[in-house]
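In terms of the UniProt record's numbering, the sequence shown is residues 1 to 543. From the three backbone atoms N, C-alpha and C, an ideal C-beta is built for every residue, glycine too. Note sheet for the following structure.
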Amino acid sequence: KLPTPSEGVQVSRGLVHEFNTSVPLFLRYGIFERCRELVEAGFDVRQPDKENVTLLHWAAINNRIDLVKYYISKGGVVDQLGGDLNSTPLHWATRQGHLSMVVQLMKYGADPSLIDGEGCSCVHLAAQFGHTSIVAYLIAKGQDVDMMDQNGMTPLMWAAYRTHSVDPTRLLLTFNVSVNLGDKYHKNTALHWAVLAGNTTVISLVFHFCHLLPNLHVSDQFNLHFLCLPQYFVFSFNLFLHHSTIFLCLLSSLLLFFLLPSPFCLLSLLLLQEFRQKVMLATPFLVIWLVGFIADLDIDSWLIKGLMYAGVWVTSWKSDPGIIKASEEQKKKTIVELAETGSLDLSIFCSTCLIRKPIRSKHCAVCNRCIAKFDHHCPWVGNCVGSGNHRYFMGYLFFLLCMICWMIYGCICYWRIHCATSYAKDGFWLYLTQIASCSPWMFWMFLNSIFHFMWVAVLIMCQLYQIAALGITTNERMNARRYKHFKVTATSIESPFNHGCIRNLIDFFEIRCCGLIRPVAVDWTTQYTIEYDQTSGSGYQLV
Numbered sequence: 001k002l003p004t005p006s007e008g009v010q011v012s013r014g015l016v017h018e019f020n021t022s023v024p025l026f027l028r029y030g031i032f033e034r035c036r037e038l039v040e041a042g043f044d045v046r047q048p049d050k051e052n053v054t055l056l057h058w059a060a061i062n063n064r065i066d067l068v069k070y071y072i073s074k075g076g077v078v079d080q081l082g083g084d085l086n087s088t089p090l091h092w093a094t095r096q097g098h099l100s101m102v103v104q105l106m107k108y109g110a111d112p113s114l115i116d117g118e119g120c121s122c123v124h125l126a127a128q129f130g131h132t133s134i135v136a137y138l139i140a141k142g143q144d145v146d147m148m149d150q151n152g153m154t155p156l157m158w159a160a161y162r163t164h165s166v167d168p169t170r171l172l173l174t175f176n177v178s179v180n181l182g183d184k185y186h187k188n189t190a191l192h193w194a195v196l197a198g199n200t201t202v203i204s205l206v207f208h209f210c211h212l213l214p215n216l217h218v219s220d221q222f223n224l225h226f227l228c229l230p231q232y233f234v235f236s237f238n239l240f241l242h243h244s245t246i247f248l249c250l251l252s253s254l255l256l257f258f259l260l261p262s263p264f265c266l267l268s269l270l271l272l273q274e275f276r277q278k279v280m281l282a283t284p285f286l287v288i289w290l291v292g293f294i295a296d297l298d299i300d301s302w303l304i305k306g307l308m309y310a311g312v313w314v315t316s317w318k319s320d321p322g323i324i325k326a327s328e329e330q331k332k333k334t335i336v337e338l339a340e341t342g343s344l345d346l347s348i349f350c351s352t353c354l355i356r357k358p359i360r361s362k363h364c365a366v367c368n369r370c371i372a373k374f375d376h377h378c379p380w381v382g383n384c385v386g387s388g389n390h391r392y393f394m395g396y397l398f399f400l401l402c403m404i405c406w407m408i409y410g411c412i413c414y415w416r417i418h419c420a421t422s423y424a425k426d427g428f429w430l431y432l433t434q435i436a437s438c439s440p441w442m443f444w445m446f447l448n449s450i451f452h453f454m455w456v457a458v459l460i461m462c463q464l465y466q467i468a469a470l471g472i473t474t475n476e477r478m479n480a481r482r483y484k485h486f487k488v489t490a491t492s493i494e495s496p497f498n499h500g501c502i503r504n505l506i507d508f509f510e511i512r513c514c515g516l517i518r519p520v521a522v523d524w525t526t527q528y529t530i531e532y533d534q535t536s537g538s539g540y541q542l543v
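What follows is the structure in C-alpha cells.
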C-alpha cells in the first residue's frame, strides 16, 4: 500500500531524523530511490552525519555515479571535507580504487591535490593502495609525479614501501620520476624504502632506473641489510654492461671460463638479465672459434667466415621489429581518453610504455618495449620478431638453412679430396676416426652444422605452418586462451586473421604481381580491432 501525501511527509521526516542519529543502511548501499526520498524531504546534501560524513562521501565510496550526479545537482560540494581523516569524496573513491568515480568527480571540478588528515593527496593514496590506473589518470591530468605529501614522501616512495608488486612502481618509473630524490625527514630514497619494507620486486625495478649508487646514510643496521642484497654486488657491473658493445660481450663470455666458480659471476648470471642476454649472444661465436682454434691451429679462415656471418646477424639484430612509439603528450592523452571511456584496463593498456596496446601486440620483457604483431623474442639475434621484421627473419632462417646445407656438403667434398678415406672398406667407426684426424676443424664444423640444421629446420617449418595454415604468431599460439578473439578447442585454434593458405602467404611476404596479386597492407602499430579492410587485389572480399 502506497502512503498518502501526509503519510509520505512523516516517513521522510523520520528518515532525516534517522540520518542525524545514525547512518541508515540504504545510504551505505546507495539505494537511489531511498536516498532521493531523503533529499526531497528537505535534507541538505551538504549536511554531515554524526560521523562527519556527507551523502556525497557515501556515494563516492560505493561508486554510485548516479547518486553523485544527483547530489551535486542538489547543491553538493564536490570537495567537502569529512570523515575521521578529514578527506574529500575524491579521497574516498581513490582509496577504494574506483577509477570511474574519480573521473566523474574530477569532471565536476574535484581537486586531486588537496590533502587529507594524514597529509596525503589523491596520487599518494593511489600509489599506497596499488591503484595503477588511478595513478596514471591523475598524472595524465597534471599531477606532479614527484609531488611530496606532508610527510615528505613521493608517490614512488609510497609505492615502494606499501605495494609489493611491479605496478604502480613500474608506471611511475616510466613517467621519469626522480629515483634519487630523498624524503623530507629521513632522506631516504624510494630504494631505501623498498629495502626497509623487504620489497624485492620493487628493488629489482628501481635498480634498472638508478643512475647513481644509493647513498647509504642511515643506521648501521640498514647498511648491513642493504649490503647483504645480492643486487648490490652486481649493480656497478650492470651499469658497465648497459653500454657495452659486442666486443665487450665476447670478453665477458670469455671471462666466464675463469670466473664461473666466483660468487660475483654466479650472481651476475642469476640476477642480471642484460648480462645473461649478452653472454648468450657471444658464447656461440666464442665456443666455435675456441674449439676450432685449439683443434686446428693452422686454419685462420674462421675470421673471414665469422665476419660474413656477423654482417647478416647484425642486420637482423638492428632491424625495427615494429616498436610502438608515442610522444609524452600522446601517452597522457591516451590515458585520459581510456579512463573517461571506462577502458583503462591493463589488458589493453601497457603500464610500462604508457600506450594503448594494438591488437596482436605484446610487451617484450627482454626489450622492455611493446612490439606490434609480436611473434617472439629471439636471443640469437638479440631482437624481437614482429610486424616490422618478421619476413626478414624468415629470410634469415631460410638463408641460414641454405648455408648450413652448403657447409655440410663442403665438409663432405673436402674429405673426398683431401683425406685418404674409404667408408666402404674401413666401415663407419674407422672412417669417422680418419676424417676427424685429417682435419679436426672441419670435423668440428660438420658436427656443429648437423646440430644447427636440426633445430633451424624445425623452427622454419613451425613458422611456415603458423603463417600459412593457422594465420597466427608464436605468441598467439602459445597464449590463445588469453585472447577473446580466438576460438580455442582441444584440437584447434580458430584465428580471425586466417584467410586461407595462399592469402596468408601473400599478405605476410607482401607479394605483388602486375596488379593481379596485391597484399592487404595493415599497419599493426595502430590496429586496435580485428575489423580491417580485407579486400584483396583480385577483386573479391575476404570473409
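Rounded to whole angstroms, how far is the Cβ of A372 from the Cβ of G322, which I believe are closer than 8 Å?
At roughly 4 Å, the Cβ-Cβ gap stays under 8 Å, so A372 and G322 are in contact.
Could you tell me which whole alpha helix (DSSP H) segments of length 4 or greater appear in the segment 43-78?
The segment 43-78 contains these whole alpha helix (DSSP H) runs: 55-61, 65-73.
Buried or exposed: where does G82 fall if 16 or more other Cβ atoms within 10 Å of its Cβ makes it buried?
By the 16-neighbour rule on beta-carbons within 10 angstroms, G82 is buried.
Per DSSP, which one or two residues make a beta bridge with V385?
In DSSP, V385 forms a bridge with H376.
Cβ-based burial, P89 [other Cβ within 10 Å; buried from 16]
It counts as buried.
For the putative contact between T169 and L205, defined by C-beta atoms under 8 Å, what is the C-beta separation to the nearest angstrom?
The beta carbons of T169 and L205 sit about 5 Å from each other, so the pair counts as a contact at 8 Å.
In whole angstroms, give me the CA-to-CA distance for R416 and G410.
When rounded, the distance between both Cα atoms is 10 Å.
Count the CB pairs spanning the segment 493-512 and the segment 462-471 that are closer than 8 Å, and state whether there are at least three.
Pairwise C-beta distances place the segment 493-512 in contact with the segment 462-471, as three or more of them are shorter than 8 Å.
Classification of E531 by the beta-carbon crowding that lies within 10 angstroms, buried from 16 upward:
Exposed, because fewer than 16 other Cβ atoms sit within 10 Å of the Cβ of E531.
Output needed for V488: all residues of its chain with C-beta closer than 6 Å, excluding positions within five of it in sequence on either side, in chain order.
The beta carbon of V488 is closer than 6 Å to those of A480, R481 in its chain, skipping five residues each way along the sequence.
For V458, count neighbouring Cβ atoms within 10 angstroms of its own Cβ and tell me buried if that reaches 16, exposed if not.
Per the 10 Å Cβ criterion, exposed.
Beta-carbon separation of H131 and D149 under 8 Å?
It is not a contact, given that the beta carbons lie outside the stated cut-off.
Which ranges would you report for the alpha helix (DSSP H) in the segment 424-504 if only whole runs of at least 4 residues count?
Listed in chain order, they are 440-464, 474-478.
Would you decide whether K331 is buried or exposed? Buried here means 16 or more other CB atoms lie within 10 Å of its CB.
When all chains shown are included, K331 counts as buried.
With burial defined as no fewer than 16 other Cβ atoms inside 10 Å of the residue's Cβ, what is the status of T163: buried or exposed?
Label assigned to T163: buried.
When I502, K362, L67, D523 are compared against S347, the one with the closest alpha-carbon
The shortest C-alpha separation from S347 is found at K362.
Report the rounded CA-to-CA distance for H376 versus T54, giving the unit in angstroms.
When rounded, the distance between both Cα atoms is 53 Å.
Assign R162 to one of three DSSP states: helix, strand, or coil.
R162: helix per DSSP, three-state reduction.
Measuring CB to CB, does N383 end up less than 8 Å from S319?
Contact flag set, yes.
Write down the C-beta distance between S351 and L171 rounded to the nearest angstrom, noting that I regard them as a contact closer than 8 Å.
S351 to L171, Cβ: 4 Å. Contact.
What is the C-beta distance between V109 and I134, in whole angstroms, given that I count them as a contact (C-beta under 8 Å)?
Per the sequence shown, the amino acid found at residue 109 is Gly instead of Val. The beta-carbon distance between G109 and I134, rounded to whole angstroms, is 18 Å. This is too long to meet the 8 Å contact definition.
Taking R369 as part of the beta strand (DSSP E), name the residues at either end of that continuous run.
Start and end: 369-371.
Helix, strand or coil for C364? Go by DSSP, reduced to three states.
Secondary structure of C364 (DSSP, three-state): strand.
Nearest candidate by alpha-carbon position, reference Q527, set L181, F207, R360:
The option with the nearest alpha carbon to Q527 is R360.
In the DSSP assignment, find the alpha helix (DSSP H) that holds E340 and state where it starts and stops.
From DSSP, the alpha helix (DSSP H) with E340 extends over 328-340.
Answer with buried or exposed for D523, where buried requires no fewer than 16 other C-beta atoms within 10 angstroms of its C-beta.
Here D523 is exposed, its C-beta having fewer than 16 other C-beta atoms within 10 Å.
Measuring straight from C-alpha to C-alpha, what distance separates R64 and V195?
Straight-line measurement puts the Cα of V195 at about 39 Å from the Cα of R64.
Whole-angstrom distance between I139 and T174, CA atom to CA atom
Between the alpha carbons of T174 and I139 lies a distance of about 12 Å.
Taking I467 as the reference, which of F486, F446, F497 has the closest Cα?
That would be F497, whose Cα lies nearest to the Cα of I467.
Are the CB atoms of M461 and M407 nearer to each other than 8 Å?
No, these two residues do not count as a Cβ contact at 8 Å.
Tell me which residue opens and which closes the alpha helix (DSSP H) that L400 is part of.
It spans 390-418 - the alpha helix (DSSP H) in which L400 sits, taken as one unbroken run.
Three-state secondary structure assigned by DSSP to S204:
S204: helix per DSSP, three-state reduction.
What whole-angstrom Cβ distance do T94 and C122 have, given they're in contact under 8 Å?
T94 to C122, Cβ: 5 Å. Contact.
Which residue's Cα is closest to the Cα of T529: F486, T201, C514?
Here the closest residue by C-alpha is F486.
Rounded to the nearest angstrom, how far is the Cβ of L85 from that of E118, given a contact under 8 Å?
Contact between L85 and E118 holds: their C-beta atoms lie close to 6 Å from each other, under 8 Å.
Can you give me the Cβ contacts of V385 inside the same chain, cut-off strictly under 7 Å, excluding the 5 residues immediately before and after it?
If we look at V385 and ignore the five residues flanking it on each side, its Cβ neighbours are P321, D375, H376, C378, F393.
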